[in-house]
Amino acid sequence: MRVCWRIWKNCCLPPRRMTISYRSRSANVIRPEIRGNTPVIRNRIRTTNGSSLAVEQAGRHERPLQRKRKLGRIVYLLLVIGFLAYLVVTLTGHLFILKASGIVTSDRFVVGAAYTARVLETDVAPGSPVREGDVIARLESTEVLTSLAQLAQNTALIEERRQAAINRQKVVESLIPIAERRFEAAQNGVTRLDRSTSGNAISQTYISSVLSEAFAAERDLMTLRTEAGSVLEQLAVINDHLAEVTTAMSNTKSAYADGVVRAPHDGTVSAHVASPGQVLTVGEPVLELLNGETFVLAYLSRGRVYDVVPGNHVIITDGVRTVDGVVDRVDVVADSLPPEFRTTFGIQERQQIMRVKPNEPLSFPYLSRVTVASPWSLTHLSARLFGLFDGRF
15 MRVCWRIWKN CCLPPRRMTI SYRSRSANVI RPEIRGNTPV IRNRIRTTNG
65 SSLAVEQAGR HERPLQRKRK LGRIVYLLLV IGFLAYLVVT LTGHLFILKA
115 SGIVTSDRFV VGAAYTARVL ETDVAPGSPV REGDVIARLE STEVLTSLAQ
165 LAQNTALIEE RRQAAINRQK VVESLIPIAE RRFEAAQNGV TRLDRSTSGN
215 AISQTYISSV LSEAFAAERD LMTLRTEAGS VLEQLAVIND HLAEVTTAMS
265 NTKSAYADGV VRAPHDGTVS AHVASPGQVL TVGEPVLELL NGETFVLAYL
315 SRGRVYDVVP GNHVIITDGV RTVDGVVDRV DVVADSLPPE FRTTFGIQER
365 QQIMRVKPNE PLSFPYLSRV TVASPWSLTH LSARLFGLFD GRF
């Protein structure tokens with residue numbers, strides 16, 4: 015309301031008439047008499063020595079002053095209109111013309127820790143190029159070392175059980191032929207006893223001993239054969255368990271690799287690199303590798319009235335430098351804004367993701383913040399002007 019009143023006051027209301035007065039140490043103030051639109055001073059200023067000082071009429075000096083005031087009002091009005099237009103474009107311009115914040119990135123490969131470990135040293139720095147297989151860090155994990163020691167202990171126990179089973183199998187296999195011969199001898203004794211004539215006098219004690227020996231021989235033979243089969247099954251289970259433990263130990267050693275971390279792909283190290291002495295939990299990245307062609311990942315505003323489709327021509331700028339680009343992909347999902355795009359007191363909102371492919375190699379550094387705008391937007395115009403002043407138009 016105050017701004018509107020000042021515009022109305024300065025542009026629409028008639029200007030105030032000037033009242034001219036003179037003050038002197040030796041003279042009193044003479045009030046002028048206003049006639050019409052021109053102030054005229056009728057009286058004269060009397061000095062202390064009795065002389066008088068004539069004062070000219072001020073009407074002929076007022077017209078240039080009015081022109082200056084009118085020019086000032088026009089400039090002031092233009093400034094107010096420009097400021098209001100700036101506010102409107104800033105607050106609602108992104109809903110009508112494409113202007114999205116983005117970040118320069120490429121395909122990322124996260125080199126994370128599969129176990130809790132402490133970083134001993136890192137052999138790379140942010141921005142360093144690496145080749146596949148290069149050593150990038152060395153870790154130390156008490157958890158992995160404890161697991162390897164436990165696996166080694168389990169392997170020793172299983173190997174001990176396996177050796178005991180093998181020895182038992184050898185004993186049983188060596189006793190089975192003896193038990194078979196004993197069983198055959200007992201069967202022969204029973205056969206001779208059956209063939210003996212009824213007239214022969216055979217004591218009951220002899221008959222009982224022959225039958226008892228035959229029963230004991232058959233029982234021992236069956237026990238040994240059953241135990242031999244059980245030992246074979248037990249040995250198979252022990253061998254399977256031993257193979258699992260051995261595989262687990264081999265995989266753990268291979269994954270741990272004595273704490274040496276190597277680059278999985280060619281690329282450039284990002285800005286986030288773990289520091290020596292830092293303790294990493296499971297899944298926490300040691301560093302990130304940027305690989306492939308550079309592109310811009312931009313976030314589109316919700317509630318926009320324009321449409322963005324793949325193939326649209328856009329401008330990528332950091333405020334001074336500009337690069338032409340093409341919309342490569344517009345995802346159908348929304349994602350949370352990165353921390354650098356969030357305001358201090360703003361809510362955590364989700365925006366649609368857009369991938370922009372530059373027509374030429376980007377001169378912006380990795381992970382730097384840029385703006386993706388339409389070619390006819392004010393952002394593009396201001397960037398061109400700054401580039402002209404900077405000598406890079």
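Position in the sequence shown (from 1) plus 14 gives the number in our numbering. Glycine included, C-beta positions come from ideal geometry on N, C-alpha and C. Keep in mind that this is a model prediction, so the values were computed, not measured.
1) Would you mind reading off the limits of the alpha helix (DSSP H) that contains H255?
2) Taking V319 as the reference, which of T156, E135, G297, L112 has the closest Cα?
3) Going by other Cβ atoms of all chains shown within 10 Å of its Cβ, with 16 needed for buried, is P372 buried or exposed?
4) Assess contact between the stretch 230 to 246 and the stretch 122 to 139, defined as three or more Cβ pairs (one per stretch) separated by less than 8 Å. Is contact present?
5) Counting along the chain, where does the alpha helix (DSSP H) carrying L171 start and finish?
6) For A99, name the three-state secondary structure that DSSP assigns.
7) Let's see if you can read the secondary structure: which residues bound the beta strand (DSSP E) around H327?
8) Going by alpha carbons, who is nearest to E307 out of L314, D342, V386?
9) May I ask you to report which of helix, strand or coil DSSP gives E307?
10) With a 10 Å radius around its C-beta and 16 neighbouring C-beta atoms as the bar for buried, classify Y220 as buried or exposed.
11) Would you mind sorting L303 into buried or exposed? The rule is 16 or more other CB atoms within 10 Å of its CB.
12) For L235 and F197, which I take to be in contact (beta-carbon distance under 8 Å), what is that distance rounded to the nearest angstrom?
13) From L249, D349, A269, H279, pick the residue whose C-alpha is nearest to that of S315; which is it?
14) In three-state terms, what does DSSP make of E374?
15) Do you know offhand how far G126's Cα is from G291's?
16) Output the boundary residues of the beta strand (DSSP E) element that contains F123.
17) Are Y313 and A114 closer than 8 Å when you measure CB to CB?
18) Helix, strand or coil for G281? Go by DSSP, reduced to three states.
19) Which of helix, strand or coil does DSSP assign to G141?
20) Could you tell me how far apart the beta carbons of L294 and T156 are, in whole angstroms, since I believe they sit closer than 8 Å?
Straight from the coordinates:
1) Numbered from its first residue, the sequence shown carries residue 255 at position 241. Looking at the DSSP string, the run of the alpha helix (DSSP H) that includes H255 is 218 to 270.
2) By one-based count along the sequence shown, residue 319 stands at place 305. Considering only alpha carbons, the answer is L112.
3) Looking up residue 372 in the sequence shown gives position 358. Its Cβ being crowded by 16 or more others within 10 Å, P372 is buried.
4) no
5) Here residue 171 is taken as the residue at index 157 of the sequence shown, counted from 1. 156 to 209 is the span of the alpha helix (DSSP H), which, as asked, contains L171.
6) Counting from 1 along the sequence shown, the entry for residue 99 is found at position 85. In this structure, A99 counts as helix in the three-state DSSP scheme.
7) Stepping through the sequence shown from its first residue, residue 327 is reached at position 313. Unbroken beta strand (DSSP E) run through H327: 327 to 331.
8) The residue labelled residue 307 in the question sits at position 293 within the sequence shown. Ranking the options by Cα distance to E307, first place goes to D342.
9) Reading the sequence shown from its first residue, position 293 is the one you call residue 307. Residue state, collapsed to three classes: strand.
10) Taking the first residue of the sequence shown as position 1, residue 220 is located at position 206. Classified as exposed, Y220 has fewer than 16 neighbouring CB atoms from the shown chains inside 10 Å of its CB.
11) Stepping through the sequence shown from its first residue, residue 303 is reached at position 289. Looking at its Cβ environment, which holds 16 or more other Cβ atoms inside 10 Å, L303 is buried.
12) Here the question's residue 235 lines up with position 221 in the sequence shown. Here the question's residue 197 lines up with position 183 in the sequence shown. Contact flag correct, Cβ pair sits at about 5 Å.
13) Taking the sequence shown and counting its residues from 1, the one referred to as residue 315 is at position 301. It is D349 whose Cα lies nearest to the Cα of S315.
14) The count along the sequence shown starts at 1 and reaches residue 374 at position 360. DSSP places E374 in coil when its eight states are reduced to three.
15) In the sequence shown, counting from the first residue as 1, residue 126 sits at position 112. In the sequence shown, counting from the first residue as 1, residue 291 sits at position 277. Each residue's alpha carbon lies about 16 Å from the other.
16) In the sequence shown, residue 123 corresponds to position 109, counting from 1. F123 -> beta strand (DSSP E) spans 113 to 126.
17) Residue 313 sits at position 299 when you count from the first residue of the sequence shown. Residue 114 sits at position 100 when you count from the first residue of the sequence shown. Contact: yes.
18) Position 267 of the sequence shown, counted from the start, is the residue given in the question as residue 281. G281 falls in the strand class under three-state DSSP.
19) Position 127 of the sequence shown, counted from the start, is the residue given in the question as residue 141. If DSSP states are grouped into helix, strand and coil, G141 belongs with coil.
20) In the sequence shown, the residue the question calls residue 294 occupies position 280. In the sequence shown, the residue the question calls residue 156 occupies position 142. Actually they are not in contact, since the Cβ atoms of L294 and T156 sit about 13 Å apart, beyond 8 Å.
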